[in-house]
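Its first residue numbered 886, the first sequence is counted upward by one per residue in our numbering. Remarks on the structure that follows.
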Amino acid sequence: MDENSSVIKRVQADIKERIAKAIEKAKEKGDLPGYVEADIKIHMPSKPEQGDFATGVAMAIGSELKSDGRSVAGAIVRYLSLEDSWIRRVDIAGPGFLNFFLSTGWLQEAVADIWKKGPLYGTTDYGAGKKVLIEFVSANPTGPLNVVNARAAAIGDCLAALLEASGHKVSREFYINDAGNQVDLLADSLEARYRQQLGQDASLPENGYRGEYLMHIAKELIGEKGDSLLELPDSERHDRFKQYAVSRIVGSQKQTLLGYGLEYDSWLSEKGLRAEGAPEATLKQLAERGFIYEKDGAQWFKSTEFGDDKDRVVVKSEGEMTYLVPDIAYHKNKFERGFDHLIDILGPDHHGYVTRLKAGIAALGFPPESLEVIIAQTVRLVRGNQVVKMSKRGGEFVTMDELLEEAGKDACRFFFLMRAPSSHLDFDLDLAGLQSDENPVYYVQYAHARIASIFRQARQEGVLPALGPNEIDFSLLREPSEIQLMKLLAAFPEEVYEIGQAREPNRLINYMMNVASAFHSFYTQCRVLGEDKALSAARLYLARVCQIVLANALRMAGVSAPESM
RNA sequence: GCGCCUGUAGCUCAAUUGGAUAGAGCGACAGACUACGGAUCUGUAGGUUGUGGGUUCAAAUCCCGCCGGGCGCACCA
């Protein structure tokens, strides 16, 4: 068997092939006249009476042939070979669904596979080593991370884990915007705080950063350097303030993310890119390709040639570059580092920016579809029924650190992942901070801990048998709750792949909830540790593989899998 | 005004990308082990999927028009 495929994939492929062959035969015999091509999609119905696997392909063919689905389904079934397969029975249901009922052999094989792969169960090689760069958070180094950053961090990290699991080579990157106007303003703001604390009469620049954190940083700077910075010449002094502020703030952002269980593969500095002359080189290249022209004393990029609704200024009339140039340069740099596919996770305030960025890389000759932008929608903090006001202007907003302190890493990650990235979400601080059954994160963790507890109990009673799949009589697992659980566990590798492809980590949470629910049902209906040794062994085995799947899924989500709670 | 996102149970959200009777959690109500963790399980109530049309065997999903919410539309980043 193919080590890097999954049992469920092979079963589905087998069914697909049999259907394809049946369709061919039906065509030959004239039962499906004129029909050309079928996209056979196999799914697992949620209702047991609809079989283990099902497909609606007959209806699709029916609509092309202007015939009804049921008779097409009938034709397919007539020529369907069930020889040497798990398929026991095929039903035609409703408007023409084909429902496949399988013997449990495939499930036993799938469940044996979990044991063999252990922590690697769920990984596949479908991604074929494709190199993917995921850039996310990339907050300005002008203040602490906020709750939207926390959401982006959860989504980006989980997506990275999902893609890694399905055989992609993934890099997580944080882009440090340590050049440009906003860090100049940061430097001036720090200087004002510095002077204030040295007793001078200095005021913050207009629109300066008012947050308290700059006062702390000023204090530290005085602790290290005293008032010596005041004597430096203007431009050097400015650079020193800038460099100090940026390094302190980036440092603490890094700390915050580490506390979130998130480690990046790279932190890339905009300043570094500028020092290499990357923006100038990019601009030159755009000009050489004929996409730059002059108007009103400024230089413009012909982004309209790539679907933008207007051309964009790239060099202002004063001679300064706009932000677009280093940004295009940065994405060019990503391609040059050998990545096949780029994913950016951006905030909703940047969606207007996507078209011109794509235009930029298209103008340089890179395929624009290789840049994919995911917009992580806004987060609204709620406490009970009250919306928590956040105003950045007043320097008061809930930081990611405060959020983590109040709700904890696991609840935060879980909450942010529960919702599709595109949905505007309400984060209920009361609920997330609550350690009770109202908090959904515990539902999944509890299932994991409960399994650990069974094994503690088994060990104590000295009834822990050899558990390898070869020692188990799988045919003893035949209760509906056992079958249901095994089916879910068998689906995990395909789920991981599909969820990663769809870029919807929220479905991973969904999946975990389903597994936890199936386990809890199994637990109440089936006694694990009992008189019947063979049955106990089989159920212990099932509990163990369920625990493996929960642990693997939780790990991908960045949520811990506790042995006890 | 133009563009992107969005509207689903009292609340927060799903729905395998066009499939079968639209599902979970929380909240409400009614029940459940003298053994493995009750942070659990089983059931009940709760819906014209914002709205009006269209496409087809089939629409929450796709197309068009309205209505409501969020966010963008700089020689800011």
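For each residue, glycine too, the CB sits at the ideal point set by N, CA and C.
- Annotation for R974: F986 place their beta carbon closer than 6 Å to its own, counting only its chain and skipping 5 residues before and after.
- Excluding its 5 nearest sequence neighbours in each direction, F1126 has C-beta neighbours in its own chain below 6 Å: A1072, L1075 and E1076, listed in chain order.
- C1431 is not a Cβ neighbour of A1334, given a cutoff of 9 Å.
- Excluding the 5 residues flanking it on each side, N1025 has same chain C-beta neighbours closer than 7 Å at N1062 and Q1067, in chain order.
- By the criterion of at least three beta-carbon pairs nearer than 8 Å, the segment 1178 to 1197 is in contact with the segment 1239 to 1247.
- Just so you know, the alpha carbons of N1324 and D1086 end up roughly 51 Å apart.
- Contact between L1018 and F1224 holds: their C-beta atoms lie close to 4 Å from each other, under 8 Å.
- In the DSSP assignment, Q1184 falls outside any alpha helix (DSSP H) and within the unbroken beta strand (DSSP E) covering A1183 to F1186.
- V1444 sits in coil when the DSSP states are folded into three classes, being neither helix nor strand.
- Per the DSSP secondary-structure output, V1198 pairs in a beta bridge with W1185.
- Assigned with DSSP and collapsed to three states, N1092 falls in coil, not helix or strand.
- R1174 carries a coil assignment under DSSP once its states are collapsed to helix, strand and coil.
- Within the same chain, Cβ atoms closer than 7 Å to the Cβ of V1239 are found at V1258, the five residues on either side in sequence being excluded.
- Rounded to the nearest angstrom, the Cβ distance from L917 to L950 is 7 Å, consistent with a contact under 8 Å.
- Around the beta-carbon of A1442, 16 or more other beta-carbon atoms lie within 10 Å, marking it buried.
- As for any beta strand (DSSP E) of minimum length 3 sitting wholly inside the segment 1084 to 1155, the runs are 1151 to 1154, ordered along the chain.
- Taking 9 Å as the cut-off, the Cβ atoms of L1374 and I1384 do not count as close.
- Scanning the segment 964 to 1050 for uninterrupted alpha helix (DSSP H) segments of 4 residues or longer gives 990 to 1002 and 1032 to 1050, listed from N- to C-terminal end.
- Cβ-Cβ separation between A1422 and I1357: approximately 6 Å, consistent with a contact (criterion under 8 Å).
- When the beta-carbon positions are compared, V892 and E994 come within less than 9 Å of each other.
- When DSSP reads this structure, Y1060 sits in a beta bridge with L1153.
- Secondary structure note for T1240: its alpha helix (DSSP H) is the uninterrupted segment V1239 to A1248.
- Around the beta-carbon of N1355, fewer than 16 other beta-carbon atoms lie within 10 Å, marking it exposed.
- Here the alpha carbon of M944 sits roughly 25 Å from the alpha carbon of E1380.
- Across the set L1089, D1234 and G1111, the C-alpha of G1111 shows the shortest separation from the C-alpha of L1083.
- Counting only the Cα atoms, F1377 lies some 44 Å from P1164.
- In this structure the segment 1004 to 1015 lies against the segment 1050 to 1057, because at least three pairs of beta carbons, one per stretch, are closer than 8 Å.
- Check the Cα spacing between T1027 and each of H1123, A1013, K1001 and G1093: the tightest is with G1093.
- Beta-bridge annotation (DSSP): K1180 is paired with A1183.
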